[in-house]
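*Asks:* With numbering that gives the first Met the number 0 applied, the sequence shown covers 0 to 410.
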Amino acid sequence: MGALTLSRRGAILSGGAALLASPAFSLKPPLLRTGLDRLLSDRADLIRGKRIGLLTHAAGIDRTGARGVDRLAALPGVTLARLFSPEHGLTGAAAAGEAVADGRDAATGLPVQSLYGARRHPDLTGLDALVIDLQDVGLRCFTYAATMADCLKACASAGVEALVLDRPNPLGGLRMEGPLPRPELMSHVAALPVPLRHGLTMGELARLANAALPAPARLTVVAMTGWQRRMGTEVFGAGGLPFARPSPNLRSAGALLAYPATVLLEGTNLSEGRGTPAPFELIGAPWIDAAALAKALNREGLDAVRFVPAAFTPDASKYAGQPCQGVRLERTGLGRYAPLHTGLTLLAVLHRLYPRDFAVTGGKPPFLDLLMGESRVRTMLMAGENPAAMAGPWSYACERFRASAQRWLLY
């Protein structure tokens with residue numbers, strides 16, 4: 000897959016136009032600043048004198064680790080009137096899929112309106128602008144982009160300005176994998192017509208989603224500076240940005256990299272490691288032989304990853320309290336990591352080794368179909384097809400999408 004090649008350093012996008020900063024020449028890599036950092040340091044004029052709402056979560060922090068909620072609440076000339084939260088809530092403590100109730104932020108006393116519960120669209124009454132600051136993980140099935148898209152619809156309907164503060168895609172912006180969702184399988188885990196691993200930032204997704212509206216919202220994207228599409232999880236820690244969990248079970252950079260490969264197990268009867276010290280890095284079930292599974296997976300010769308036998312007992316979620324065997328996914332740094340191909344290989348090997356025990360779960364449609372955005376992978380998997388055949392049509396679909404997505408890129 001070729002690189003997405005559009006570079007617009009320091010862009011702030013408003014109404015489709017780009018306002019470009021001109022950084023001084025330097026031999027050092029540019030300082031990586033998120034949209035939040037830029038808003039606070041040099042673009043507060045975008046919200047000064049306005050009454051704003053803020054959609055954010057526990058990963059909505061600045062370079063020092065301070066909450067964006069607190070920084071914006073203290074900003075002179077700005078009235079932060081209402082908070083909104085996505086899946087997992089403002090504090091990031093709610094479990095996956097758990098309905099989150101409205102509440103109040105303990106530090107500021109501001110009301111928090113949940114957008115993952117009884118409602119999906121924000122109440123924008125009395126607001127001049129809605130600021131959106133969410134850390135995505137680079138996969139379509141992560142629900143933050145769906146919540147953002149719902150908010151853009153609400154802003155368009157209410158005539159309220161939308162400001163999206165951009166953040167890095169931890170999987171990078173050069174590669175795409177997976178199918179685009181079929182219309183009949185679009186849902187909150189497949190809300191946008193993008194590949195499963197989409198290679199876009201939240202700001203770029205916002206531009207795409209907004210342009211699809213019959214009457215688009217007044218959207219401004221405050222772009223990052225210093226981010227390049229080749230960058231991945233190294234932006235955290237040594238890269239200058241503090242790491243904060245985007246969800247309760249994504250606790251490290253390693254988990255962010257494993258997640259695209261193992262999230263598909265959510266649609267099966269395998270534990271994806273919830274309730275263990277290493278969710279999404281550990282996978283297994285009571286009926287697995289750890290050594291046999293690790294040996295079979297490592298024989299597949301996947302680039303940049305190896306599988307280590309593991310034993311664990313989850314204290315929550317699938318198989319809580321039951322001893323399980325399985326594998327731990329570890330990155331080797333050798334070759335080019337293709338997480339979705341790794342995930343398909345994992346499913347195929349599990350089905351081959353344990354045809355009587357391994358099962359796809361969920362209702363109609365099965366959750367695996369919703370995650371993938373298509374049913375073809377499930378039917379081919381259960382028929383014993385190989386991963387290359389399952390992924391065959393994706394390359395062409397991703398190339399077509401890559402060409403059409405050029406107009407939305409900021410970097």
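Each residue gets a CB set at the ideal place from its N, CA and C atoms; glycine is no exception.
1. Hey, Phe235 and Tyr258: beta-carbon distance below 7 Å or not?
2. Do you know how far the Cα of Val307 is from the Cα of Pro110?
3. In the DSSP output, what is Thr331 paired with across the bridge?
4. I need the straight-line Cα distance from Ala80 to Leu126, nearest angstrom please.
5. Per DSSP, what kind of secondary structure is Thr341 in: helix, strand or coil?
6. Taking the runs of the alpha helix (DSSP H) that are 4 residues or longer, which of them lie wholly in the region 247-305?
7. Does the beta-carbon distance from Pro424 to Cys323 come in below 7 Å?
8. Drop a sphere of 10 angstroms on the beta-carbon of Pro245, count the other beta-carbons inside from all chains shown, and report buried for 16 or more, exposed for fewer.
9. Between which two residues does the beta strand (DSSP E) carrying Phe416 extend?
10. Exposed or buried, which one is Pro180 when buried takes at least 16 other CB atoms within 10 Å?
11. Count the other CB atoms within 10 Å of the CB of Gln405; is the residue buried (16 or more) or exposed (fewer)?
12. Roughly how many whole angstroms lie between the Cα atoms of Ile60 and Thr344?
13. Can you tell me which of the three DSSP states Arg42 falls into?
14. So, at 7 Å on beta carbons, what are the nonlocal neighbours of Thr275 in its own chain, with the 5 sequence-adjacent residues on each side left out?
15. Beta-carbon within less than 6 Å of Trp407's beta-carbon, same chain only, minus the 5 sequence neighbours each way: which residues are those?
16. What are the boundary residues of the alpha helix (DSSP H) that includes Leu369?
17. Use the C-beta contact count for Ser270: other C-beta atoms within 10 angstroms, 16 or more gives buried, fewer gives exposed.
18. Pick from Gln321, Arg196, Gly300 and Glu160: whose alpha carbon is nearest that of Trp393?
19. Give the single residue among Arg174, Thr90, Val68 and Gly67 whose Cα lies nearest to the Cα of Arg401.
20. Is it buried or exposed for Ser84, if we count other Cβ within 10 angstroms and need 16 for buried?
21. To the nearest angstrom, how far is the alpha carbon of Ala210 from that of Leu35?
22. Could you give the DSSP three-state label for Cys323: helix, strand or coil?
23. Taking the alpha carbon of Glu384 as the point to measure from, which residue in His350, Leu170 and Lys363 has its own alpha carbon closest?
24. Smallest Cα separation from Arg228: which of Arg217, Thr142, Gly137 and Val304?
25. Could you pull out every residue in the same chain whose Cβ sits closer than 7 Å to the Cβ of Ala293, ignoring the five residues on either side in sequence?
26. Out of curiosity, what's the CA-to-CA distance linking Val188 and Tyr143?
27. With Gly67 as the anchor, note down where its beta strand (DSSP E) starts and where it stops.
28. Below 8 Å on the Cβ atoms is my contact criterion, and I expect Tyr410 with Gly172 to pass it. Report the Cβ-Cβ distance as a whole number of Å.
29. Please tell me whether Arg32 has its Cβ less than 7 Å away from any Cβ of chain C.
30. Of the residues Met185, Ser186 and Gly177, which one's Cα is nearest the Cα of Pro194?
*Replies:* Taking the definition as stated:
1. no
2. 46 Å
3. In the DSSP output, where bridge partners are listed per residue, Thr331 has none listed.
4. 8 Å
5. helix
6. 252-261 and 289-297
7. With the chain represented from 0 up to 410, any question about residue 424 goes unanswered, as that position is not in the structure.
8. buried
9. Here the chain covers residues 0 to 410 and nothing more, so residue 416 does not appear.
10. buried
11. exposed
12. 36 Å
13. coil
14. Leu281, Phe311 and Pro313
15. Glu203, Arg206 and Leu207
16. Phe366 to Met371
17. buried
18. Arg196
19. Arg174
20. buried
21. 23 Å
22. strand
23. His350
24. Gly137
25. Phe306, Val307, Pro308 and Val326
26. 9 Å
27. First-last for Gly67: Gly67 to Ala72, but that is the alpha helix (DSSP H), not the beta strand (DSSP E).
28. 7 Å
29. The structure shown contains no chain C; it holds only a single protein chain.
30. Gly177
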